[in-house]
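What follows is a single structure, written as structure tokens, with notes after it.
Protein chains: 2
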Amino acid sequence: MSEKTSEAGEGTDRQIRADARRNLDGLLKAAMEVFATSGVDAPVREIAGRAGVGVGTFYRHFPQRSDLIVAVFRREIDACADAAEALAAQYSPGEALARWMQRFVDFVSAKRGLSAALHSGDPAYEPLPAYFDQRLRPALENLLQAAEEAGEIRPGMDAIELLHAVSRLASAGGDDARRMVALLVDGLRYRPGNTQG
Amino acid sequence: MSEKTSEAGEGTDRQIRADARRNLDGLLKAAMEVFATSGVDAPVREIAGRAGVGVGTFYRHFPQRSDLIVAVFRREIDACADAAEALAAQYSPGEALARWMQRFVDFVSAKRGLSAALHSGDPAYEPLPAYFDQRLRPALENLLQAAEEAGEIRPGMDAIELLHAVSRLASAGGDDARRMVALLVDGLRYRPGNTQG
DNA sequence: ACCTGAACACCGTTCAAGT
DNA sequence: ACCTGAACACCGTTCAAGT
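Encoded structure:
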């Protein structure tokens, strides 16, 4: 029991009718476009219409609106995580950490709906934070550990907690977001026992 | 031109029919209660019904839903700002700053809808951030300046920027929010030129 | 002046009928 | 198996009629 019953988007590739897969791809593509312009609350009829299918087909693939949102942002998260490995090799641990943070800020800032869904607390979006953590945590943990071993930041930081905090700050967008994240990273560098009381 | 035409909630107190004022108060009270349980997206009919008025009356007092939300949260902001003066006299500048931050975190964490409205970017809520800043900025600026003059934090921080960042972190709620805000305050204490490169 | 609530428009969701 | 779209329910918003 508790098997995933054909989760929308990913899953077993065989035994799926060609038109069904075409429709699903079309819906995802249409949703990404509509989300970018009208936000994640865009009318179902608009997305279905743009994909050239009936609303019934929409609901067949995505019974809950959150299913669609999750599927769309999963792809975006993949794109971000894939671009987060080279930095550790190019820069000093502390510098690599700071740079990855800024890159992450740009990503989150660009997707308005992502952080909204991420921080809504709505249990319908539960798989999204889970995927977010699963893909992004390892990247940050490596950077964190290297910087810690180099003595550049305080020890014992929780990568997940940091990730969530930064994504909150990043959702402000613009230079404010960049400055505040940089300030938070400076917080990591600060340790009470050194110069200031 | 560009005068405020009887903004809902505050304004000139004379020439208002007694039943109209009663209805407005009832609507605000009902809204606060409904917001607490069902969130700020609760149906208009539910709020109007609880206040014992027709939906037309609701729209007469609050033409836009955002007008109601703004009116409700204005009261909440007042309550928070009023409680933020004694700390500077009781503690050292740096300590007073850190404590006020934590108190502010508690406030924002308690009101789910506030930060959502605050950070939505929707121009309909524009008066809300404005009021938020107007009431809370002076408090933080004083704390900041004192801590800066005492040499406990870096100079040149923008109070508004900091306020917005902290309210974002605070909207996470719980101990995570407290820890991350404390980390940000440590960022203020950190200055590059001292011990670490 | 202000209030009421029927009426309208819009959107989410279902399901009988089709292929 | 999967798709379609008419039909239904619900909610925001207006406005003619009342006091």
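Chains A and B, in that order, give the protein sequences.
Under my numbering, the first sequence has 43 at position 43, and the numbering climbs by one with no breaks.
So the number in my numbering is just where the residue sits in the second sequence, counting from 1, plus 1000.
Beta carbons are placed, not taken as given, at the ideal position from N, Cα and C, and that holds for glycine.
Being a predicted model, the structure only gives us computed values, none of them experimental.
Quiz item: Using a C-beta to C-beta distance shorter than 8 Å, which residues of chain A count as neighbours of B:Y1091?
Solution: Ordered by position in chain A, no residue passes the 8 Å Cβ test against B:Y1091, which lies about 14 Å from the chain.
Quiz item: Span of the alpha helix (DSSP H) holding A:V40?
Solution: No alpha helix (DSSP H) contains A:V40, which DSSP labels as neither H nor E.
Quiz prompt | Contact check, A:V72 vs A:L28, beta carbons under 8 Å | solution = yes
Quiz item: Where do the ends of the alpha helix (DSSP H) carrying B:F1062 lie?
Solution: Run containing B:F1062: none; DSSP gives neither H nor E here.
Quiz item: Mapping DSSP to helix, strand and coil, what is B:Q1015?
Solution: coil
Quiz item: How is A:G94 classed by DSSP in three states: helix, strand or coil?
Solution: helix
Exercise. Put A:A71 into one of helix, strand or coil per three-state DSSP.
Key: helix
Quiz item: To the nearest angstrom, how far is it from the Cα of B:A1146 to the Cα of A:D41?
Solution: 45 Å
Quiz prompt | Close beta carbons around A:Y125, own chain, < 8 Å, minus the five adjacent residues each side | solution = S66, I69, V70, A117 and L118
Quiz item: Where do the N-terminal and C-terminal ends of the alpha helix (DSSP H) with A:A150 fall, by residue?
Solution: Element bounds for A:A150: n/a, residue is neither H nor E.
Quiz item: Which same chain residues, not among the five before or five after A:R189, have their C-beta less than 6 Å away from its C-beta?
Solution: I153
Self-check item: Run of the alpha helix (DSSP H) containing B:H1164, from where it starts to where it stops
Solution: A1159 to A1170
Exercise. May I have the straight-line CA-CA distance separating B:P1127 from B:D1133, to the nearest angstrom?
Key: 10 Å
Practice problem: Whole angstroms is fine: what's the gap from A:G94's alpha carbon to A:T57's? | Solution: 49 Å
Practice problem: Note down, in chain order, every chain B residue with its Cβ under 7 Å from the Cβ of A:A187. | Solution: The residue asked about is misnamed: residue 187 of chain A is Gly in this sequence, not Ala. Under the 7 Å cutoff, chain B gives L1183, L1184, D1186, G1187 and Y1190.
Quiz prompt | Cβ pair A:I47, A:A36 closer than 8 Å | solution = no
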